[in-house]
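Notes for the one structure printed next.
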Amino acid sequence: MKTFLLALLLCFSAGIVAAAQDPLIPAPQKHQAPGIQPTSMTGTVSEHGEKLRFVTDQRAWNVDNPETLKGHEGHYVRVTAHVYADKDSIYITEVKMPTASESRKNDAQ
5 MKTFLLALLL
15 CFSAGIVAAA
25 QDPLIPAPQK
35 HQAPGIQPTS
45 MTGTVSEHGE
55 KLRFVTDQRA
65 WNVDNPETLK
75 GHEGHYVRVT
85 AHVYADKDSI
95 YITEVKMPTA
105 SESRKNDAQ
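By our numbering, the letter at position 12 of the sequence shown is numbered 16, and the numbering carries on one by one without gaps.
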């Protein structure tokens, strides 16, 4: 009986230690400065020389990680990105095709 209780206690302790090592809040990534939240925006992917840019109605953004936009040249897309307005650049974390209600035609209305 003591062996069973000791084994049970050992399993319970190992579970607590494993749970304590799993952080609930992910650590910031290299590209993410503290306090900068991701922003969602729509725009067109354009080629500027050999570089890809993300162009919204308000401005054109340099893209820190243009490989995320490969294959979307000329497309109207929705991106989630970290915005660095002082450098006119964004770091894109997600690219999606917009829904019908987010189309460019509806943006003009």
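All residues carry an ideal CB built from backbone N, CA and C; glycine is no exception. All values reported here derive from a predicted model rather than from experimental measurement.
Task: Cβ-based neighbour list, residue 69, same chain, cut-off 7 Å, excluding 5 preceding and 5 following - done: As a position in the sequence shown, residue 69 is number 65, starting the count at 1. Non-local beta-carbon contacts of residue 69 in its own chain, meaning distances under 7 Å to residues more than five positions away in sequence, involve 95 and 96 in chain order.
- [ ] Go through its chain and collect everything with a Cβ distance to residue 59's Cβ below 6 Å, but skip five positions before and after it.
- [x] Position 55 of the sequence shown holds residue 59. Around residue 59, the same chain offers 47, 48 and 50 as residues with beta carbons nearer than 6 Å, after the five sequence neighbours per side are excluded.
Task: Residue nearest to residue 99 in terms of C-alpha spacing, selected from 6, 42 and 7 - done: Taking the first residue of the sequence shown as 1, we reach residue 99 at position 95. The closest CA to that of residue 99, considering only 6, 42 and 7, is found on 42.
Task: Beta-carbon separation (whole angstroms), residue 93 vs residue 66, contact threshold 8 Å - done: The residue you call residue 93 lines up with position 89 of the sequence shown. The residue you call residue 66 lines up with position 62 of the sequence shown. Right, their Cβ atoms sit about 4 Å apart.
TODO: State the start and end residues of the unbroken beta strand (DSSP E) segment that holds residue 45.
DONE: As a first step, residue 45 must be located in the sequence shown, where it is residue number 41. Under the DSSP assignment, residue 45 falls in the beta strand (DSSP E) whose first and last residues are 43 to 52.
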